[in-house]
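Engineer:
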Amino acid sequence: MRLSNLADYAVVTMSAAARHCGGGRTSAAELAAETGLPVPTVQKVVSKLSAAGLLRSVRGAGGGLQLARPAAAITLADIVEAVEGPIALTACIDGDECAVDHTCSVKPHWPVVNAALRGALAGIPLTQLSKAAPREPNLTGISA
313 MRLSNLADYA VVTMSAAARH CGGGRTSAAE LAAETGLPVP TVQKVVSKLS AAGLLRSVRG
373 AGGGLQLARP AAAITLADIV EAVEGPIALT ACIDGDECAV DHTCSVKPHW PVVNAALRGA
433 LAGIPLTQLS KAAPREPNLT GISA
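Residues are numbered in our numbering as their position in the sequence shown, beginning at 1, plus a constant of 312.
#1: Start and end of the alpha helix (DSSP H) containing Val-370?
#2: Output the distance between the C-alpha atoms of His-332 and Ala-363, rounded to the nearest integer angstrom.
#3: Just tell me which of Ala-411, His-421, Val-412, Thr-387 has its CA closest to the CA of Leu-401.
#4: According to the Cβ coordinates, are Ala-340 and Val-358 closer than 8 Å?
#5: Pick out whichever of Met-313, Lys-419, Ala-322 has its Cα sitting closest to the Cα of Ser-442.
#6: According to DSSP, simplified to helix, strand and coil, what is Thr-338?
#7: Can you look up Gly-431 in the DSSP assignment and give me helix, strand or coil?
#8: Can you grab the Cα-Cα spacing for the pair Ala-383 / His-414, in whole Å?
#9: At the level of alpha carbons, what is the spacing between Leu-367 and Gly-348?
#10: Just the Cα atoms here: how many angstroms apart are Ala-432 and Thr-387?
#11: Along the chain, where does the beta strand (DSSP E) containing Leu-349 start, and where does it finish?
#12: Answer with buried or exposed for Ala-394, where buried requires no fewer than 16 other C-beta atoms within 10 angstroms of its C-beta.
#13: Ile-399 and Asn-426 - do their beta-carbons sit closer together than 8 Å?
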């Protein structure tokens with residue numbers, strides 16, 4: 313399984329927005345500059361994240377974008393679902409046609425798999441994603 317580029321960009325954008333936490337506001341242009349993403353892409357992602365209630369846009373002097381909830385209350389699952397829709401590994405769960413639907417013995421198990429996947433993503437808060445990446449351990453024994 314792989315996230316779409318847009319979902320990946322949404323995670324990157326939300327991580328950057330979280331670094332402005334504490335009431336600070338930012339703009340799509342500023343988020344684009346911080347992330348290296350094109351401004352139109354960030355604007356598209358911001359639109360989806362705002363529609364999902366993850367970002368809030370404030371107009372007027374001192375306006376801009378800010379998280380709609382505390383970063384600790386936003387999860388990776390929330391961000392992915394804002395862009396991709398419900399987390400599901402197979403199309404048959406959404407009612408899409410399947411050639412073996414009438415004889416499929418696995419279909420009843422997909423909701424359990426999907427719930428486990430969503431649970432794993434829901435266990436990763438935005439606060440964790442917005443921290444600096446951990447350094448890789450030095451396994452060579454040579455000091456840097």
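Glycine residues also receive a C-beta, built at the ideal position from the N, C-alpha and C atoms.
Structural biologist: In this structure, then:
#1: Per DSSP, Val-370 belongs to no alpha helix (DSSP H); it is in the beta strand (DSSP E), 367-370.
#2: 20 Å
#3: His-421
#4: yes
#5: Ala-322
#6: strand
#7: helix
#8: 43 Å
#9: 19 Å
#10: 10 Å
#11: Note, Leu-349: premise wrong, no beta strand (DSSP E); not H, not E.
#12: buried
#13: yes
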